[in-house]
Amino acid sequence: MGTSSGLVCSRCGKNFASNQLLNVCECGAPLLVRYDLAAVRAGWRKQDTAKGPASMWRYSPVLPAEPNEAVTLDEGWTPLSQVSTLQREFGALDLWVKDEGRNPTDSFKARGLSCAVTMAKKLGVRKLAIPSAGNAASALAAYAAAAGLEAHIFMPVDVPQANFIECKAFGANVTLVDGLISDCGKIVAERKEREGWFDVSTLKEPYRIEGKKTMGYELAEQFDWQLPDAIFYPCGGGVGLIGMWKAFAELEELGWIGSKRPKMIAVQAEGCEPITRAFQQNAPVSEFFQNASTVASGLRVPKALGDFLVLNAIRESGGTAISISDEEMLDAGVQLAALEGIFAAPEGGACVAAVRRLLRTGFLKPEERIVIYNTGSGLKYLEAYSTRFPRHAATAQDKVGGLITPR
Ligand SMILES: Cc1ncc(COP(=O)(O)O)c(C=O)c1O
Ligand SMILES: [Zn+2]
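Residue 7 is where the sequence shown starts when you use our numbering, and the numbers rise one by one after that.
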């Protein structure tokens, strides 16, 4: 157990052996990892998960490597908490936050990169390259450091300071690009062959999805193998949403859950909403979103390689896609912090704002069980939140709550 039985193309269905280093299918679409779930089922019961480590590697029978091969910093097994004050404020009855800000490098990207770096190391890679909106870069830098591998990082010049400093501290080779993640991706693609880099771009290698799918396994386990009615997920490249959707299918095949699925709700920023537009236009794929701009750096993805998979999951689940303005997401982030003591990334704040809106429109009923994925910590976004809290308000001179100069 603990090893996959092969890879399959998410578009054309072509099969590949699992013991080779691969990026995407010849047709250009992402590859998905397959397991012999009947064999897994015979030797692993849902009660057994509790005997595993308090990390995502507790699900190793459905991951591509064994726990003793894992490059791990104890990612996953994050808290899932009912937010009672916020739910009262919103008129809901069963509202929860899964706090992915409690991962190594303070975001859910740790899950995907733990798995990707584990597999890259196992398959003999020495140099890894990534184009990133920020948090994936931090996670790659940390896991590459832990594995003793080289990380080559390309991120937008206006990436949050936390991501830049983290990557440098982890010893990665950092290049800032005066553009978007799509421009960073082009640079990696142009140079990787010459430099001998393995490209771990979102959905251009098969194992980040496997790490991220553990969010779905965990949610099921933490709710005692009952899935909620709705999941709010801040969608950039969509890996987490695709991963969770895959996890639910696997869980059903294992016989651990039934056929009921949560409504999958992709939350985007108004300043970069390719998936929302495609969903509204009933299109099978998204279009490149021009002049993308949002403080939620993880949502600044103008075109996702796996857009068709995200759109399929949303539609099949009876979910929706919704966009939130930067102002609203920061306000909602502050509201969550003040009411619940959870300081969320703007991406998580966007989900809070989206829940409120969909309860108001009646898309969600108050009694439905709703889960918000807060994908990162607010501490990684001090530039964005500092617009809410200027430190030296002139009117607060020499007052408690302002700035006092001892004389
Ligand atoms: C905090 C945060 N939330 C959400 C996302 C979007 O993630 P995904 O690619 O899974 O859609 C990112 C990606 O960078 C992120 O950093
Ligand atoms: Zn294919």
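Yeah, the Cβ is synthetic: ideal placement off N, Cα and C, and Gly gets one too.
ask   = Using the C-alpha atoms, what's the distance from A351 back to R197?
value = Your numbering for residue 197 matches position 191 in the sequence shown. Your numbering for residue 351 matches position 345 in the sequence shown. Cα to Cα, the separation comes out at about 32 Å.
query = So, helix, strand or coil for W262, using DSSP?
reply = As a position in the sequence shown, residue 262 is number 256, starting the count at 1. Coil.
key: Simplified DSSP state of E95, which is helix, strand or coil   = Counted from its first residue, the sequence shown places residue 95 at position 89. Residue state, collapsed to three classes: helix.
inquiry  = Once the 5 residues before and after A360 are set aside, which same chain residues still bring their CB inside 7 Å of it?
reply    = As a working note, residue 360 is residue 354 in the sequence shown. Cβ within range, chain order: F238, I271, V273, I328, I330.
Alpha-carbon spacing of S24 relative to D205, whole angstroms = Start at 1 with the first residue of the sequence shown, and residue 24 comes out as number 18. Start at 1 with the first residue of the sequence shown, and residue 205 comes out as number 199. Computed Cα separation, rounded: 17 Å.
query = Apart from the five residues just before and just after D404, which ones in its own chain have a Cβ nearer than 8 Å to its Cβ?
reply = Within the sequence shown, residue 404 is the residue found at index 398, counting from 1. Hits under 8 Å: I410, T411.
ask   = What residues in its chain sit with their C-beta under 7 Å from that of P268, if we drop five residues either side in the sequence?
value = Indexing the sequence shown from 1 puts residue 268 at position 262. Excluding residues within five positions, the ones whose Cβ falls inside 7 Å are L233, P234, D235, A236, I237, S323.
task = Out of G244, V165, W203, point me to the one whose CA is closest to A390's CA.
result = Within the sequence shown, the letter at position 384 stands for residue 390. Of G244, V165, W203, the residue nearest in Cα terms is V165.
ask   = If you drop the 5 nearest sequence neighbours on each side, which residues of the same chain put their C-beta closer than 6 Å to that of P212?
value = For the purposes of this step, residue 212 is taken as the residue at position 206 of the sequence shown. Only L13, L37, V39 meet the Cβ criterion.
ask   = Do you know offhand how far M7's Cα is from R51's?
value = Taking the sequence shown and counting its residues from 1, one reaches residue 7 at position 1. Taking the sequence shown and counting its residues from 1, one reaches residue 51 at position 45. Note on M7: pLDDT 41, under 50, position unreliable in the model; the coordinate value appears next. Approximately 13 Å between the Cα atoms of the pair.
key: Closest Cα partner of S113 within the set G382, G191, G408   = As a working note, residue 113 is residue 107 in the sequence shown. Ranking G382, G191, G408 by Cα distance to S113 puts G382 first.
task = May I ask you to report which of helix, strand or coil DSSP gives M7?
result = For the purposes of this step, residue 7 is taken as residue 1 along the sequence shown, with counting starting at 1. In this predicted model, M7 has a pLDDT of only 41, less than 50, meaning its place in the structure is not dependable; the value taken from the coordinates is given anyway. If DSSP states are grouped into helix, strand and coil, M7 belongs with coil.
message = Just to confirm the assignment, what range does the alpha helix (DSSP H) spanning T367 have?
response = Within the sequence shown, the letter at position 361 stands for residue 367. Run containing T367: none; DSSP gives neither H nor E here.
query = Three or more beta-carbon pairs under 8 Å between the region 82–98 and the region 138–152, yes or no?
reply = no
ask   = What's the gap between the Cα of I378 and the Cα of L305?
value = Taking the sequence shown and counting its residues from 1, the one referred to as residue 378 is at position 372. Taking the sequence shown and counting its residues from 1, the one referred to as residue 305 is at position 299. Taking the straight line joining both Cα atoms gives about 16 Å.
message = DSSP three-state label for I187, please.
response = Within the sequence shown, residue 187 is the residue found at index 181, counting from 1. Note: I187 maps to helix in three-state DSSP.
ask   = To the nearest whole angstrom, what separates the beta carbons of F295 and L317, a pair I think is in contact under 8 Å?
value = Taking the first residue of the sequence shown as 1, we reach residue 295 at position 289. Taking the first residue of the sequence shown as 1, we reach residue 317 at position 311. Between L317 and F295 the Cβ distance is about 14 Å, and since that is not below 8 Å, they are no contact.
query = Based on Cα-Cα distance, which residue from K115, N179, N109 lies nearest to A135?
reply = For this step, residue 135 is matched to residue 129 along the sequence shown. Nearest option by C-alpha distance: N179.
query = Heavy atom of ligand 1 less than 8 Å from the Cβ of P240, yes or no?
reply = Within the sequence shown, numbered from 1, the residue matching residue 240 stands at position 234. Within the cutoff, so yes.
query = If we count the other Cβ atoms within 10 Å of its Cβ and call it buried at 16 or more, is R64 buried or exposed?
reply = Within the sequence shown, numbered from 1, the residue matching residue 64 stands at position 58. Classification of R64: buried, given that the 10 Å Cβ count is 16 or more.
ask   = Which stretch, first to last residue, makes up the beta strand (DSSP E) that contains V103?
value = Within the sequence shown, residue 103 is the residue found at index 97, counting from 1. 101–105 is the span of the beta strand (DSSP E), which, as asked, contains V103.
task = Along the beta strand (DSSP E) that carries M125, what are the first and last residues, could you check?
result = Sequence index remark: in the sequence shown, residue 125 carries index 119 (1-based). No beta strand (DSSP E) contains M125, which is instead part of the alpha helix (DSSP H) from 115–128.
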